[in-house]
Amino acid sequence: MADLILSIEGTPAGTRAALIFALCSAFLHALFGALQKGRHDPWVTRGAIDGWLAVLSAPMALFLVPWPQGTEWILIFGALVIHFAYKVGMALAYSRGAYTVVYPVVRGTGPLFTVVGAYLIFGETFSPTQWLGVAVVLAGIFGLAAYNLHTITVARDTLAPALWFAVATGGLVALYTTWDAYGIRATPNPFTFLAWFFFITALDFPVIGYLRWRRDPVEPGPLLRRGLAGALIAYGSFGFVILATRLDKVGEAAILRESSTVFAAILGWALLGETVGPRRAALMCLIAAGAVIVEFGG
Numbered sequence: 001m002a003d004l005i006l007s008i009e010g011t012p013a014g015t016r017a018a019l020i021f022a023l024c025s026a027f028l029h030a031l032f033g034a035l036q037k038g039r040h041d042p043w044v045t046r047g048a049i050d051g052w053l054a055v056l057s058a059p060m061a062l063f064l065v066p067w068p069q070g071t072e073w074i075l076i077f078g079a080l081v082i083h084f085a086y087k088v089g090m091a092l093a094y095s096r097g098a099y100t101v102v103y104p105v106v107r108g109t110g111p112l113f114t115v116v117g118a119y120l121i122f123g124e125t126f127s128p129t130q131w132l133g134v135a136v137v138l139a140g141i142f143g144l145a146a147y148n149l150h151t152i153t154v155a156r157d158t159l160a161p162a163l164w165f166a167v168a169t170g171g172l173v174a175l176y177t178t179w180d181a182y183g184i185r186a187t188p189n190p191f192t193f194l195a196w197f198f199f200i201t202a203l204d205f206p207v208i209g210y211l212r213w214r215r216d217p218v219e220p221g222p223l224l225r226r227g228l229a230g231a232l233i234a235y236g237s238f239g240f241v242i243l244a245t246r247l248d249k250v251g252e253a254a255i256l257r258e259s260s261t262v263f264a265a266i267l268g269w270a271l272l273g274e275t276v277g278p279r280r281a282a283l284m285c286l287i288a289a290g291a292v293i294v295e296f297g298g
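Under full-length UniProt numbering, the first residue of the sequence shown carries the number 1, and numbering increases by one thereafter.
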């Protein structure tokens with residue numbers, strides 16, 4: 001598989017694969033967010049997810065891929081620190097605000113910072129048409145958040161801190177997207193970075209989740225099943241977008257992944273009972289249209 005990824009890197013086939021990876025990541029990330037926001041305490045749910053990720057990833061990292069060498073360890077442990085901060089931010093935001101308000105703000109803040117970071121670090125540039133697409137995407141995302149903020153009736157007393165946490169977490173999304181893109185590009189075998197990324201970054205939250213669970217225990221069976229589902233989804237959600245940034249522009253992958261806000265609104269309605277009306281549907285179409293402009297406007 002690593003040879004296949006390396007063989008299409010920098011080719012039209014690689015660009016097409018990056019598009020598919022980014023869109024798959026978008027759907028799976030929205031599903032992942034809905035799963036974390038759902039039935040249980042977000043901290044406990046994330047702990048269960050990461051516990052499964054650590055268990056499932058350990059054999060792959062330890063026995064199936066080459067071990068990291070030299071500075072590759074710095075990249076992997078740097079990812080641990082950044083993703084820990086991101087997970088804390090998401091849990092703080094989700095525990096204080098409605099999913100359909102918090103999620104778009106996080107996803108809307110992240111890509112703008114990512115595009116700037118991709119320019120500074122990788123020398124990537126966007127055409128004027130692509131910048132128009134970025135503006136359309138962000139208008140749709142923040143319009144969706146503003147509409148949800150205006151109409152939401154749940155947890156309004158904690159919504160202000162939830163939004164601040166969401167904005168800060170969006171900055172961390174940009175940081176981890178850029179860092180992970182640099183990491184997978186700097187590692188000769190992309191699956192070395194992926195396997196160790198999933199293993200190392202999953203070692204922190206099981207401890208936090210267990211301590212929260214001891215304070216307010218819930219039935220472990222459903223929690224562990226939800227954690228297993230989340231771990232399997234996380235492989236696609238994070239793995240696909242990291243591979244996309246190896247095969248194509250980091251900024252384009254980041255923008256395409258923000259179509260996750262469309263999927264998030266649908267999942268919020270289908271799984272969490274949060275309403276979707278014509279205005280919200282129109283804003284979701286705006287996000288999708290902006291992503292198309294970014295992809296094909298280069």
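The C-beta atom is built at its ideal place from N, Cα and C for all residues, glycine as well.
Phe126 - DSSP class collapsed to helix/strand/coil: coil
Burial state of Ala150, where buried means 16 or more other Cβ atoms lie within 10 Å: The displayed chain sequence assigns His, not Ala, to residue 150. Exposed, since its Cβ has fewer than 16 Cβ neighbours within 10 Å.
Alpha-carbon to alpha-carbon, Asp180 and Val250: 10 Å
Nearest to Leu56 (by Cα), restricted to the options Gly297, Ala234, Asn148, Ala289: Ala234
Selected residue, minimal CA-CA separation from Gly97, among Ile74, Ile76, Asp41: Asp41
Contiguous alpha helix (DSSP H) assignments of at least 4 residues, all confined to the UniProt domain "EamA" (163-294): 190-200, 205-215, 220-247, 250-257, 260-272
Residues of its chain near Thr178, where Cβ-Cβ distance is below 7 Å and the 5 sequence neighbours each way are ignored: Thr114, Gly117, Ala118, Ile121, Val250
Bounding residues of the alpha helix (DSSP H) (the contiguous stretch that carries Met1): Careful: Met1 lies outside any alpha helix (DSSP H) and carries neither H nor E.
Per-residue DSSP class, three states only, for Pro111: helix
With 16 other Cβ atoms within 10 Å as the buried cut-off, status of Arg279: exposed
Given 8 Å, three or more beta-carbon pairs between the region 192-206 and the region 47-64: yes
Distance, Leu31 Cα to Val136 Cα: 23 Å
Val294 at chain C interface by Cβ criterion, 8 Å: Among the protein chains of the structure shown there is no chain C, as only one such chain exists.
Distance CB(Phe21)-CB(Ala288) smaller than 8 Å: no
Cβ pair Thr261, Tyr86 closer than 8 Å: no
Separation of Gly10 from Glu295, as counted between CA atoms: 16 Å
Cβ neighbour criterion (16 or more within 10 Å) applied to Phe63: exposed
Closest by C-alpha distance to Leu203, when choosing among Leu19, Ala231, Leu286, Val101: Ala231
Distance between Gly268 and Ala34 (C-alpha atoms, nearest Å): 7 Å
CB contact flag (Leu256, Gly143, <8 Å): no
From Val44, Ala146, Ala291, residue whose alpha carbon lies closest to that of Leu211: Val44
Beta carbon of Val105 nearer than 8 Å to that of Ala168: no
4 or more residues per run - each alpha helix (DSSP H) lying fully within the UniProt domain "EamA" (18-144): 42-59, 72-94, 99-122
Burial state of Asp3, where buried means 16 or more other Cβ atoms lie within 10 Å: exposed
Presumed contact (8 Å Cβ cut-off) between Leu247 and Ala18, rounded CB distance: 4 Å
Proximity of Ser25 and Phe191 at Cβ, strictly below 8 Å: no
6 Å CB neighbourhood of Phe27 in its chain, flanking five on each side removed: Phe263
Coarse secondary structure for residue 301, derived from DSSP in three states: This structure gives no information on residue 301, because the portion of the chain shown stretches from 1 to 298.
Nearest neighbour of Tyr99, chosen from Gly277, Ile266, Ala291, Ile293 [CA to CA]: Ile266
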